[in-house]
Each structure stands twice: as structure tokens, then as C-alpha cells.
Amino acid sequence: MTSATTATPTNPAAEQRQVVPPEDRYATELAFLAAHDTGPRPPGWRLTPHAAVTFVMGSAGQSLILPADAADVPEGLPRRLVIEQKFVGERALVERCVITLAGERGLLLVGEPGTAKSLLSELLAAAVCGTSALTVQGTAGTTEDQLKYGWNYALLLAQGPSRSALVASPVLSAMTTGAVARVEEITRCLPEVQDALVSLLSERRVAVPELAGGPDAQLHAAPGFTLIATANLRDKGVSEMSAALKRRFNFETIGPISDLDTETELVRRQSRAAVERTGARYGVDDAVLEVLVTAFRELRGGRTAEGWEVERPSTVMSTAEAVSVATALGLAAAYFPADRDPLRLLPGHLLGVVRKDDPADAARLLGYWDGAVRRRAEAGATTWRTLWDLRAVLED
Numbered sequence: 018m019t020s021a022t023t024a025t026p027t028n029p030a031a032e033q034r035q036v037v038p039p040e041d042r043y044a045t046e047l048a049f050l051a052a053h054d055t056g057p058r059p060p061g062w063r064l065t066p067h068a069a070v071t072f073v074m075g076s077a078g079q080s081l082i083l084p085a086d087a088a089d090v091p092e093g094l095p096r097r098l099v100i101e102q103k104f105v106g107e108r109a110l111v112e113r114c115v116i117t118l119a120g121e122r123g124l125l126l127v128g129e130p131g132t133a134k135s136l137l138s139e140l141l142a143a144a145v146c147g148t149s150a151l152t153v154q155g156t157a158g159t160t161e162d163q164l165k166y167g168w169n170y171a172l173l174l175a176q177g178p179s180r181s182a183l184v185a186s187p188v189l190s191a192m193t194t195g196a197v198a199r200v201e202e203i204t205r206c207l208p209e210v211q212d213a214l215v216s217l218l219s220e221r222r223v224a225v226p227e228l229a230g231g232p233d234a235q236l237h238a239a240p241g242f243t244l245i246a247t248a249n250l251r252d253k254g255v256s257e258m259s260a261a262l263k264r265r266f267n268f269e270t271i272g273p274i275s276d277l278d279t280e281t282e283l284v285r286r287q288s289r290a291a292v293e294r295t296g297a298r299y300g301v302d303d304a305v306l307e308v309l310v311t312a313f314r315e316l317r318g319g320r321t322a323e324g325w326e327v328e329r330p331s332t333v334m335s336t337a338e339a340v341s342v343a344t345a346l347g348l349a350a351a352y353f354p355a356d357r358d359p360l361r362l363l364p365g366h367l368l369g370v371v372r373k374d375d376p377a378d379a380a381r382l383l384g385y386w387d388g389a390v391r392r393r394a395e396a397g398a399t400t401w402r403t404l405w406d407l408r409a410v411l412e413d
């Protein structure tokens, strides 16, 4: 029996990039799933909705096998493949997202910073249309042109308004090709810029007044077009979305990872990968990672596993921040092995995290040390005893 094969990047150029987009990183998986599931697909989709969910959530460690009669199988594609889990969350949430996109309705992913909203939007776009690159990054400086279209002014001056002189935005490109567009941090855009999406999502066309009277006066959405936007709950007051725009989206809230072991494994996997990309050996042991993730979870939730109350810092203690700290500990252990014990570096890194939004949060971290850390140290927990002995680091 052929052993299960894991997917690896098929594009040699991927090795030269720090971050490889999912359509390249998981090209083998996408091609395999397209050949494996031959069920009905919504217009313009590369995968079936069921296969799209499997791409995001993985095959639970089980090998999928291509049907013997599978047609149009790319050369070199394995006959058997384990699909990697890429997003940690509820499968039902991912299924709702996929159904929203299958209905060609806008999808808005909301949640605290660091909860993998952008990752999920990238994975969904790659599964549906094969690219996650049709993206607009929302900022206070984002203009309506970046959501609709602009002009090549050299051509505009040379030949006047024409379709060839028009420069399509990523959203317009997605519309005309039947793909998925992504708008990151939509609430960071000014309200008048956000509202450029209202008619686009309801009428599914963009008017080009400069080309009035010609065939390109209106550009229409091709079947399959839809839009995924993300918004941080902490940014809700930056530019509140209008009621009209909200009605064009289905909202899905992405929450923190609920299980300690699952979050610890995610932090371990991602920090290990980040360290090993530098060519260094990963040297953060499981005890340090468990303490790190436990501290993040308890500060984030305001309560310890024992039920003790903890004053929550204003800073978001996200899983993404935990990965950054674990990566820093791993790099320190790799490059300064003689004098860098990862556990002894942890208090300083935690202090750096909580000070990002409010320097007063340092006192809240110290309160956590004087409460949960001290009580565990007194109960005889060796790792927590070491952390308690390092309390002075937090007073610097």
C-alpha cells in the first residue's frame, strides 16, 4: 500500500519568499481535491463546497484516495494524500462561510486581533478561485479608486477615456473574472470609501461615467464573484460600517482557540516553523510553551484554570502574539545557547507584549505574578516557581 503523501510547495520560487500564499504553498492539495471530489460546483469554483471545507479543516489525518476513474489528473499528482489542517476553529463556522460564498453573498469575518481572520479569508479565496491575491488592505488612506478603478494617465492623455486606459482595482478584477476579492480591515477605511462597496455588492456592476454611451459604461460581475472582508472588534469605532453596507454581508465571528492543548500545539508548530526557516534548531521545550500559552489564555480571559480572578490587560493577548513570543524564545535559544534559558526570558517578553497598548498594563501583569504565579509556586510547581523567582524583571 502506498504511504500517505504530504503536500509540499510545487513552485520553486516559493523557496525565495518569506510568506508563501496558500495557492502556492498548498498547490498539490488544491489540485488533488479538485480531482478527488467531482461533485457539483457553484459557478466559477475550482473545488466543490465540501472539498473547500476539507482544504481548510484538513482530512483529520486520514488519507484521501483518488477515484480510479478520476479524469484530468495532473501529471505527478499523488493518488493518496493527507490534507493538512490549516485553520483551528469550528468546522461548522467554516461550512457557514463556504455556504455564504456559494450563494455569492459578501462574507465579513470579525473578531479580536490575532484570531486568524486574514488566514481564513486567504484559505477560502484560494479554495474557491485559486488565488488570494485580489486584495485591498484597508487603511485611513484607502481611496475609492482602490475599490473600483483608476486610470493610466499616459494612455488617458494619449487616447482619451477607453477600456484599455482603465486600471482595474483588485475588487473590479475579481468581479470581471468571477473570483473572490478580499478587503482587509474594512473598518479602517473611511465611511465614504466603504460605501463604494454598497452598490457593487447589491447591483453587481460598476458604472464608469467616463465611458458613458459605449459598451464599457457598465462593468458587470461574472458568475462566482464575491467578496470577503475582515474587521477587528477593537477597530469597531474607527469607521463604523453603515447599516446599508452591513446588510450586504453575512457576519461570522472568529473567536480565540478554546482548548489549551490545541492552542499550545498551534503555537509550537508555527514557532518551530518560523525558527527552522532561519536554519536554526528549535529549542523551546513543552513545559515552557505550556506556561507561555497558559499565561496568555488567563490574561486574555481574566480567570485562571483554578478559577482565580485575573485583571485583564487592555492589550489583546492573542494566539498570534503567543507565536511571536515563542518564536523569539526559540531564536534566542538557537543563537545564544550558552546564556539564554527560554523560561528565564519569558517574563521580559510578556512585559513587552502587555506594554504595547497601555504602559499601565505592566501593573496588571505584575498582579498576575503576585496572584496566580505565586500561588502555583507555593503549591510546588517547579516551572512556576522559577517564574516567581524572576518577578524582579517585571519591576524594571
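Sequential numbering of the sequence shown, starting at 18, is according to our numbering.
Backbone N, C-alpha and C define an ideal beta-carbon position, used for all residues, glycine too.
Given the structure is predicted, the values throughout are model-derived calculations rather than measurements.
7 Å CB neighbourhood of S331 in its chain, flanking five on each side removed: Counted from its first residue, the sequence shown places residue 331 at position 314. D374, D375, D378, listed in sequence order.
Please classify R265: does DSSP put it in a helix, a strand, or coil? Numbered from 1 along the sequence shown, position 248 holds the residue referred to as residue 265. In the three-state scheme derived from DSSP, where H, G and I count as helix and E and B as strand, R265 is classed as coil.
Using the C-alpha atoms, what's the distance from A119 back to T270? By 1-based counting over the sequence shown, the position of residue 270 is 253. By 1-based counting over the sequence shown, the position of residue 119 is 102. Straight-line measurement puts the Cα of A119 at about 19 Å from the Cα of T270.
Let me make sure I understand the geometry here. Which of M334, G347, D86, T321 has the alpha-carbon closest to that of A389? As a first step, residue 389 must be located in the sequence shown, where it is residue number 372. Each of M334, G347, D86, T321 was checked against the Cα of A389, and the nearest Cα belongs to T321.
Tell me which residue opens and which closes the alpha helix (DSSP H) that Y352 is part of. Walking along the sequence shown from the start, residue 352 turns up at place 335. For Y352, the enclosing alpha helix (DSSP H) begins and ends at 336-352.
Is the beta carbon of T400 sitting closer than 8 Å to the one on A312? Reading the sequence shown from its first residue, position 383 is the one you call residue 400. Reading the sequence shown from its first residue, position 295 is the one you call residue 312. Between T400 and A312, the CB-CB gap reaches or exceeds 8 Å.
Using CA atoms only, rank isn't needed, just tell me which of Y299, T295, V255, T336 is closest to E315. For the purposes of this step, residue 315 is identified with residue 298 of the sequence shown, where counting begins at 1. Measuring from the Cα of E315, the nearest candidate turns out to be T336.
Contact defined as beta carbons within less than 8 Å: I believe V111 pairs with V153. What is the distance between those atoms, to the nearest angstrom? The count along the sequence shown starts at 1 and reaches residue 111 at position 94. The count along the sequence shown starts at 1 and reaches residue 153 at position 136. Actually they are not in contact, since the Cβ atoms of V111 and V153 sit about 23 Å apart, beyond 8 Å.
Would you mind listing the beta strand (DSSP E) stretches within the stretch 46-83 that are 3+ residues and don't spill past its ends, in chain order? Look at the stretch 46-83 and you find these whole runs of beta strand (DSSP E), each 3 residues long or longer: 80-82.
Straight-line CA distance for A229 to A185? For the purposes of this step, residue 229 is taken as the residue at position 212 of the sequence shown. For the purposes of this step, residue 185 is taken as the residue at position 168 of the sequence shown. Separation of A229 and A185 (C-alpha to C-alpha, rounded to the nearest whole angstrom) is 17 Å.
Under the assumption that E326 contacts N249 (Cβ atoms under 8 Å), give the Cβ distance between them as a whole number of angstroms. Here residue 326 refers to the residue found at position 309 when the sequence shown is read from its first residue. Here residue 249 refers to the residue found at position 232 when the sequence shown is read from its first residue. The pair is not a contact, with the Cβ atoms about 26 Å apart (cut-off 8 Å).
Which runs of the beta strand (DSSP E), 3 residues or longer, sit entirely within the stretch 192-247? Runs of the beta strand (DSSP E) lying entirely within the stretch 192-247, each at least 3 residues long, are 197-201, 222-224, 235-237 in chain order.
Given 8 Å, three or more beta-carbon pairs between the stretch 130-141 and the stretch 193-202: Contact between the stretch 130-141 and the stretch 193-202 is present, with at least three C-beta pairs closer than 8 Å.
Residues near V165 by beta carbon distance below 8 Å, same chain, minus five either side: Taking the sequence shown and counting its residues from 1, one reaches residue 165 at position 148. The identity of residue 165 in the sequence shown is Lys, whereas the question assumes Val. Around K165: S186, V188, L189, A213, L217, V223.
Same chain, Cβ closer than 6 Å to N267, neighbours up to 5 away in sequence not counted: Counting from 1 along the sequence shown, the entry for residue 267 is found at position 250. Taking C-beta separations shorter than 6 Å and ignoring five residues to either side along the sequence, the partners of N267 in its chain run T117, R122, L124, following chain order.
Measuring only the C-alpha atoms, how far is A260 from V127? As a working note, residue 260 is residue 243 in the sequence shown. As a working note, residue 127 is residue 110 in the sequence shown. Their Cα atoms are separated by approximately 16 Å.
Taking contact to mean 3 or more Cβ pairs, one atom from each stretch, closer than 8 Å, check whether the stretch 332-351 and the stretch 274-294 are in contact. They touch, by the three-pair rule.
W168 and A182 look like a contact to me (Cβ under 8 Å); what is the Cβ gap, rounded to whole Å? Taking the first residue of the sequence shown as 1, we reach residue 168 at position 151. Taking the first residue of the sequence shown as 1, we reach residue 182 at position 165. Distance from W168 to A182 at the Cβ level is roughly 6 Å; contact confirmed, criterion being Cβ atoms closer than 8 Å.
L141, DSSP secondary structure in three states: Taking the sequence shown and counting its residues from 1, the one referred to as residue 141 is at position 124. Looking at L141 - three-state DSSP - the assignment turns out to be helix.
Specify, as a first and last residue, the run of the beta strand (DSSP E) that T152 falls within. If you number the sequence shown from 1, residue 152 lands on position 135. Looking at the DSSP string, the run of the beta strand (DSSP E) that includes T152 is 152-154.
Can you tell me the Cα-Cα spacing of P226 and R58, whole angstroms? Taking the first residue of the sequence shown as 1, we reach residue 226 at position 209. Taking the first residue of the sequence shown as 1, we reach residue 58 at position 41. Spanning the two alpha carbons is a distance of roughly 35 Å.
Taking 8 Å as the cut-off, decide whether the C-beta atoms of L64 and D54 are in contact. As a first step, residue 64 must be located in the sequence shown, where it is residue number 47. As a first step, residue 54 must be located in the sequence shown, where it is residue number 37. The answer is yes: Cβ separation under 8 Å.
Runs of beta strand (DSSP E) lying entirely within the stretch 90-130, each at least 3 residues, in chain order: Segments of the beta strand (DSSP E) lying fully in the stretch 90-130: 97-99, 123-128.
Classify L309 as helix, strand or coil using the three-state DSSP reduction. Mapped onto the sequence shown, residue 309 falls at position 292. Helix.
Is the CB-CB distance between L306 and P364 below 8 Å? Working through the sequence shown from its first residue, we reach residue 306 at position 289. Working through the sequence shown from its first residue, we reach residue 364 at position 347. 8 Å or more divides the Cβ of L306 from the Cβ of P364.
Rounded to the nearest angstrom, what separates E328 and A143 at their Cα positions? One-based indexing of the sequence shown puts residue 328 at position 311. One-based indexing of the sequence shown puts residue 143 at position 126. One C-alpha to the other measures close to 40 Å.
I'd like the span of the beta strand (DSSP E) that includes L183, first residue to last. The sequence position of residue 183 within the sequence shown is 166, counting from 1. 183-185 is the extent of the beta strand (DSSP E) around L183.
Run of the alpha helix (DSSP H) containing W401, from where it starts to where it stops: As a position in the sequence shown, residue 401 is number 384, starting the count at 1. Counting along the chain, the alpha helix (DSSP H) containing W401 begins and ends at 399-406.
Assign M18 to buried or exposed, taking buried as 16 or more other Cβ atoms, counted over all protein chains shown, within 10 Å of its Cβ. As a first step, residue 18 must be located in the sequence shown, where it is residue number 1. Its pLDDT being 34, under 50, M18 is placed unreliably by the model, and the measurement read from it follows with that caveat. When all chains shown are included, M18 counts as exposed.
Identify the residues that DSSP records as bridge partners of N249: which are they? As a first step, residue 249 is located in the sequence shown; it is residue number 232 there, counting from the start. Paired residues: G128.
Can you say whether K263 is buried or exposed, counting buried as having 16 or more other CB atoms within 10 angstroms of its CB? Numbered from 1 along the sequence shown, position 246 holds the residue referred to as residue 263. Flag for K263 reads exposed.
Using beta-carbon positions only, say whether S256 and C206 come within less than 8 Å of one another. As a position in the sequence shown, residue 256 is number 239, starting the count at 1. As a position in the sequence shown, residue 206 is number 189, starting the count at 1. Against a cut-off of 8 Å, the Cβ pair of C206 and S256 comes out as a contact.
Mind checking which residues open and close the beta strand (DSSP E) that includes G167? By one-based count along the sequence shown, residue 167 stands at place 150. For G167, the enclosing beta strand (DSSP E) stretches over residues 166-168.
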